[in-house]
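In order, the protein sequence lines correspond to chains A and B. Sequential numbering from 32 applies to the first sequence in my numbering. Sequential numbering from 32 applies to the second sequence in my numbering. C-beta atoms are modelled at their ideal positions from N, C-alpha and C, and glycine is treated no differently. Quick caveat, the model's predicted, so the values are computed rather than measured. Report on the structure given below.
Protein chains: 2
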Amino acid sequence: MKQIALYGKGGIGKSTTSANLSAALSDQGLDILQIGCDPKRDSTRMLMNGRLIPTVMDLVRERGDRNISIEDVVFRGYGGVRCVEAGGPEPGVGCAGRGIIATFQILEKLGALQADVVLYDVLGDVVCGGFAMPMREGYAQEVYLVTSGELMSLYAANNICKAIARLSTRARSRCRLAGVICNAKNMPREKELVEEFAERINSRMIQFIPRDRIVQVSELNKKTVIEFASDSAQAEAYRNLARKVMENTRLDIPTPLEIEDLESLAYEYIK
Amino acid sequence: MKQIALYGKGGIGKSTTSANLSAALSDQGLDILQIGCDPKRDSTRMLMNGRLIPTVMDLVRERGDRNISIEDVVFRGYGGVRCVEAGGPEPGVGCAGRGIIATFQILEKLGALQADVVLYDVLGDVVCGGFAMPMREGYAQEVYLVTSGELMSLYAANNICKAIARLSTRARSRCRLAGVICNAKNMPREKELVEEFAERINSRMIQFIPRDRIVQVSELNKKTVIEFASDSAQAEAYRNLARKVMENTRLDIPTPLEIEDLESLAYEYIK
Ligand SMILES: Nc1ncnc2c1ncn2[C@@H]1O[C@H](COP(=O)(O)OP(=O)(O)O)[C@@H](O)[C@H]1O
Ligand SMILES: Nc1ncnc2c1ncn2[C@@H]1O[C@H](COP(=O)(O)OP(=O)(O)O)[C@@H](O)[C@H]1O
Ligand code: SF4
Ligand SMILES: [Mg+2]
Ligand SMILES: [Mg+2]
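Listed below in structure tokens is the structure:
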């Protein structure tokens with residue numbers, strides 16, 4: 032069972048990339064479980080024809096974790112991909128991380144945490160104990176960073192590396208950096224910048240995904256690009272990503288950059 | 032002592048707005064304390080000539096909270112504005128919220144949590160118990176949402192409203208929604224969209240701040256717009272915001288929107 036996580040700054044394209052990656056892997060014949068671990072709870076929406084499935088945390092708050100069956104929380108979407116949304120903490124009150132772990136434990140108890148590939152889509156803006164839970168507790172073993180060339184998304188990716196590096200010393204966590212996915216904003220020299228960033232954190236850029244309007248068009252049709260525009264170049268980029276993820280054996284302990292070095296790197300590519 | 036907080040999605044412009052607001056208030060003769068509560072710890076950078084001041088949390092981890100003096104954590108910047116950065120949790124391990132509260136308690140113990148206006152600049156991507164701490168524990172009493180017309184920043188602002196509404200029922204928190212600041216991305220009809228959003232959450236847009244390259248130019252010069260380009264229209268927008276914040280008496284309990292209603296609202300303004 033391959034257990035991969037996509038981490039990155041909010042809005043960078045984790046869910047779009049996750050849903051398309053899951054769809055592509057499913058088309059390749061694999062049994063996929065995608066678990067949204069972002070309070071936005073919309074990770075699986077494009078696999079579910081635009082539907083926002085109920086979240087595990089909402090159900091736990093409504094009924095208690097003993098009154099949840101597998102059909103309440105696991106939904107079959109495009110290509111048979113199984114979809115789960117952890118949901119978020121009670122606004123202003125709870126801990127997102129505890130909700131995420133509770134979700135995993137419920138899925139395990141229901142025998143639902145099984146698949147050829149489990150894909151965790153996780154918010155990466157704050158690398159507190161809460162959002163690091165999938166890595167800390169050994170669920171997410173191969174972490175892919177999703178970033179553009181924008182300094183703010185590189186900053187978030189770099190922070191996630193600090194967490195991975197720290198957690199790599201713990202027995203239970205077993206998580207490693209598997210690669211960097213550039214989800215482009217179509218900036219000049221963006222690919223080179225993200226490639227260099229990836230090298231310097233002791234990893235590599237595994238796929239460059241262009242910014243393409245076909246993503247918006249597919250979204251308006253409530254589908255992934257894989258489903259809505261399977262002949263497009265964008266769909267091919269997601270299929271390439273899927274192949275590379277399945278073939279990838281390179282797992283690293285990252286070497287995060289100092290803030291000043293990250294800034295100088297980003298500025299080199301602006302002039 | 033006026034205690035205000037700026038909350039909003041990461042990257043939306045909280046720190047830029049906070050630093051310029053503090054600078055403008057200071058120019059009006061007030062004693063200002065700005066506390067950065069974002070793990071990015073760069074809230075006060077433009078008031079400190081580009082310097083990233085040490086964070087309280089880093090110092091606590093290095094020396095313990097008993098060995099911290101006021102000069103270690105409170106720095107005087109532009110116009111005498113006093114600057115503090117709470118810092119972030121240990122990546123992958125700690126709780127951002129506990130760090131924020133520890134910072135406030137240390138400042139209180141040092142007699143440093145005093146000013147005409149205390150301005151908290153707080154990450155609003157995740158409205159977990161951690162980042163809601165300034166509101167929960169009664170430090171932040173007037174909350175200003177910083178948003179653009181982009182759905183993702185409105186979504187974050189709406190979530191913060193859920194937290195404010197929930198916490199308004201608790202005795203200790205005393206926090207209210209004081210207004211919405213539109214930090215523009217120069218989208219068509221953006222002002223109208225944010226005005227309508229503000230009305231529908233039972234508040235109002237208190238200031239429209241254009242997107243202006245003078246912000247980048249000032250930043251490259253390591254200064255706020257108030258300092259670097261005090262005759263610009265952008266500086267005047269920040270001064271207007273400062274005046275309105277000091278005159279504002281309207282404090283509301285917000286009425287957050289349902290996701291579907293927020294999306295329909297945003298889509299109305301796209302066509
Ligand atoms: N490669 C891309 N090209 C064009 N638009 C994209 C691309 N990737 C993501 N987007 C858009 O960016 C927005 C945010 O993406 P999303 O996957 O929801 O981010 P996240 O899950 O990281 O918060 C979505 O509306 C999506 O349409
Ligand atoms: N009104 C504006 N016009 C142009 N650029 C802006 C404006 N406000 C913010 N920015 C830019 O947006 C970036 C993010 O702003 P920042 O204040 O750091 O966001 P936050 O504190 O919410 O994470 C900064 O680099 C800043 O230069
Ligand atoms: S650990 Fe993280 S998610 Fe949990 S309350 Fe603290 S800041 Fe929020
Ligand atoms: Mg997402
Ligand atoms: Mg900031």
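Asked, Found
"Quick check on the contact list: which residues have their beta carbon closer than 5 Å to a heavy atom of ligand 3?", "C126/A, A127/A, G128/A, C159/A, G160/A, G161/A, C126/B, A127/B, G128/B, C159/B, G160/B, G161/B"
"Looking at chain B, is there any beta carbon in it that lies within less than 8 Å of the beta carbon of M183/A?", "yes"
"Mapping the DSSP letters down to three states, classify A209/A as helix, strand or coil.", "strand"
"Per DSSP, R76/B forms a beta bridge with which residues?", "Answer is none; R76/B lacks a bridge partner."
"For G290/B, return the contacting residues in chain A, with the cut-off set at a CB-CB distance below 8 Å.", "Reading off the sequence shown, one finds Ile at residue 290/B, where the question assumed Gly. Ordered by position in chain A, the residues that pass the 8 Å Cβ test against I290/B are L83."
"Going by C-alpha distance, which of G41/B, S234/B, A36/B is nearest M183/A?", "G41/B"
"What in chain A is Cβ-close to G44/B, meaning under 7 Å?", "Result: empty, since nearest Cβ-Cβ is about 12 Å, beyond 7 Å."
"Applying the criterion that 16 or more other CB atoms from any shown protein chain within 10 Å of the CB defines a buried residue, is L90/B buried or exposed?", "buried"
"Distance check for R129/A and N98/A, CA to CA, integer angstroms please.", "19 Å"
"Taking Cβ-Cβ distances below 9 Å as the criterion, which residues of the region 147–165 of chain B are in contact with chain A?", "L154, D156, V157, V158, C159, G160, G161, F162, A163"
"Under three-state DSSP, which class holds R242/A?", "coil"
"Return the first residue and the last residue of the beta strand (DSSP E) that K302/A is part of.", "Careful: K302/A lies outside any beta strand (DSSP E) and carries neither H nor E."
"Any residues in the region 189–216 of chain A with a beta carbon nearer than 7 Å to a beta carbon of chain B? Which ones, in chain order?", "N190, K193, A194, R197, L198"
"Identify whether L83/B lies in helix, strand or coil by the three-state DSSP scheme.", "coil"
"What's the C-alpha gap between K253/B and L83/B?", "11 Å"
"When every heavy atom of ligand 1 is checked, does at least one fall within less than 7 Å of the C-beta of G42/A?", "yes"
"May I have the straight-line CA-CA distance separating Y300/A from T178/A, to the nearest angstrom?", "15 Å"
"Applying the 10 Å Cβ sphere with the 16-neighbour rule, what's the burial state of T286/B?", "exposed"
"Going by DSSP, name the residue or residues bridged to M307/B.", "Missing from the structure shown is residue 307/B; chain B here goes from 32 to 302 and no further."
"Kindly give me the distance between the Cβ atoms of A117/A and T86/A, rounded to whole angstroms, as I take these residues to be in contact under 8 Å.", "6 Å"
"Count Cβ pairs between the region 189–207 of chain A and the region 61–72 of chain A that sit closer than 8 Å; are there 3 or more?", "no"
"Under a Cβ-count criterion, where at least 16 other Cβ atoms within 10 Å of its own Cβ denotes burial, should A202/A be classed as buried or exposed?", "exposed"
"Count the other CB atoms within 10 Å of the CB of G95/A; is the residue buried (16 or more) or exposed (fewer)?", "exposed"
"Measuring only the C-alpha atoms, how far is V248/B from S261/B?", "13 Å"
"Any beta-carbon of chain A closer than 8 Å to the one on C68/B?", "no"
"Between the C-alpha atoms of I191/A and A273/B, what's the straight-line distance to the nearest angstrom?", "36 Å"
"At what residues does the beta strand (DSSP E) containing D152/A begin and finish?", "148–154"
"Can you tell which of L144/A, A209/A, F239/A has its C-alpha closest to the C-alpha of Q172/A?", "A209/A"
"Applying a beta-carbon distance threshold of less than 8 Å, which residues of chain B neighbour C126/A?", "C126, C159, G160, G161"
"P285/A CB to nearest chain B CB: under 8 Å?", "no"
"Quick one: what does DSSP say G107/B is sitting in, helix, strand or coil?", "A small fix is needed here, since residue 107/B is Arg in this sequence, not Gly. Strand at R107/B."
"Whole angstroms are fine: how far does the CA of N189/B sit from the CA of I137/B?", "31 Å"
"State the CB to CB distance for the pair V158/B and G155/A, rounded to an integer number of angstroms; the pair is presumed to be in contact (CB under 8 Å).", "The pair is not a contact, with the Cβ atoms about 17 Å apart (cut-off 8 Å)."
"Let's test the definition: count the other Cβ atoms within 10 Å of the Cβ of K140/A and tell me whether it reaches 16, buried, or not, exposed.", "exposed"
"Less than 7 Å separating the Cβ of D147/B from some heavy atom of ligand 4?", "no"
"Under three-state DSSP, which class holds T178/A?", "strand"
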